[in-house]
Amino acid sequence: MASAILRRTNSYAVRSMVDALRIGGSSRSYAKLTVGTDIVSAAPDVSLQKARSWDEGVSSKFSTTALKDIFKGKKVVIFGLPGAYTGVCSQQHVPSYKNNIDKFKAKGIDSVICVSVNDPYVMNGWAEKLQAKDAIEFYGDFDGSFHKSLELDKDLSVALLGRRSQRWSAYVEDGKIKVLNVEEVPSDFKVSGGEVILGQI
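Heads up: the sequence shown is residues 1 to 201, going by UniProt numbering.
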């Protein structure tokens, strides 16, 4: 009897979490970030934190990287995801870029960047675990200000993640967004993968 109740409770909790992740998915507007937007101007005074060890953070005096240094004068593919070490992010999203890095370089892409609402030390450990650090540049958005400025943030408290990022990808040329893909819900992996954006460049 107790085990049956526990199974029903766990099943309800999982359904509730999935439903909550989908709330507002298809109706969400991304008015601030559209094709043609200057991503640097859209997030003024915002910087990102390149993935690194704690010791590297200390030696760099906890330096950050201005968006203009990441995007201006360059061809960049950037993708954002809900969190390091999470399922779809680890098993599908990052590998779709890592496994196609030579194809991106052949198209003249200067850098492929992964960004998430995590600190740079977590991003560093995750990148090393995925053996992707040589192919992809990983950046932390430790306080979520980058994604909030772009209106790409989302409350994922139901999954114990707090405020995080939508799942998205973009091709940015000299700071201007040329291609933008945003999943209807963060649990989806339909339009933001490496193979998709390769065909859009």
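Every residue gets a Cβ at the ideal spot worked out from N, C-alpha and C, and that includes glycine.
This structure is a prediction, so every number in the text was calculated from the model and none was measured.
Across the set Pro120, Trp168, Phe189 and Ser192, the C-alpha of Pro120 shows the shortest separation from the C-alpha of Ser60. When the beta-carbon positions are compared, Ala42 and Ser149 come within less than 9 Å of each other. Membership of Lys32 in any alpha helix (DSSP H) is not indicated, and neither H nor E is assigned to it by DSSP. According to DSSP, residue pairing for Phe142 in a beta bridge does not occur. In chain order, Val88 and Gln92 place their CB closer than 6 Å to the CB of Phe189, counting only its own chain and leaving out the 5 sequence neighbours on each side. With a cutoff of 9 Å on beta-carbon distance, Gln131 and Lys98 are scored as near each other. A residue is called buried when at least 16 other Cβ atoms come within 10 angstroms of its Cβ; Gly199 does not meet this threshold and is exposed. The region 75-85 makes contact with the region 106-126: 3 or more CB pairs, one atom from each, lie closer than 8 Å.
In the three-state DSSP reduction, Lys74 falls in the coil class, being neither helix nor strand. The three-state secondary structure of Leu81, taken from DSSP, is strand. Per DSSP, the beta-bridge partners of Tyr171 are Val77 and Val179.
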